[in-house]
Amino acid sequence: MDTTYDTMDKDGQVKTLPLFGDINAQTPKYTFSHPTGLPFATQFAQNALVVTEKAAFKFEDICYKGFVQNDCAFTGYSLSEYSALASIADVLPVSSLVDVVFYRGITMQRAVEHDSENRSNYVMCAVNPSHISKTFTDAALREVIDSIAVRTRPSLVAKKFDVSQE
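Be aware that the sequence shown starts at 2, since it is given in the working numbering, and climbs by one per residue.
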């Protein structure tokens, strides 16, 4: 398995770096750390989320209790896709789920430059306008995003506008 990733430096040059910068084939052990605790490190936070979802979502149980029909179609988005594959399709055993999500998370954590306090210029959040208020619409959310984007150029980018059916 290739344990490198490509990143762009401040001069726009693409560099190939080791995914585990301080771990190699001769490393006998390694202790992960994070300034605010391991739950704040992407590779561990994402695993905590998918394992919790796997534990909470026992497909047979919710079908038996009548919460969903046996022949319903389910999907996930991004990290939730792994939870759906493990919980609903049952194609990923927990050990594989944890491995895949760990490598995904560590790639995300390492591929972006962080300062000494482990902060980066990137953050992701999910917003459903209907959860803010009954009068806060999709258009209002877009207006807020556009307003912030003007002030933070080019730091704010909005993706996946499909909450109108929720």
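The C-beta atom is built at its ideal place from N, Cα and C for all residues, glycine as well. Bear in mind the structure is a predicted one, so any value in this text is a computation, not a measurement.
Exposure of residue i, with buried meaning 16 or more beta-carbon neighbours within 10 Å
i	result
Asn-48	buried
Ala-56	exposed
Gln-110	buried
Ser-84	buried
Val-15	exposed
Val-51	buried
Ala-74	exposed
Leu-39	exposed
Leu-18	exposed
Pro-94	exposed
Residue j beta carbon less than 7 Å from that of residue i
i	j	result
Pro-29	Glu-118	no
Phe-103	Gln-44	yes
Leu-20	Tyr-31	no
Ile-24	Phe-60	no
Ala-112	Thr-8	yes
Pick from the options that is closest to residue i, judged by C-alpha positions
i	options	result
Ala-46	Thr-138, Leu-80 and Asp-91	Leu-80
Gly-22	Ile-107, Val-128 and Leu-142	Ile-107
Phe-58	Ala-87, Ser-34 and Leu-39	Ala-87
Lys-1	Ile-149, Phe-68 and Glu-114	The structure shown does not extend to residue 1, since the chain is modelled only from 2 through 167, so no value can be given for it.
- [ ] Return the chain-ordered ranges of every beta strand (DSSP E) run that is complete within the segment 66-148 and spans a minimum of 3 residues.
- [x] none
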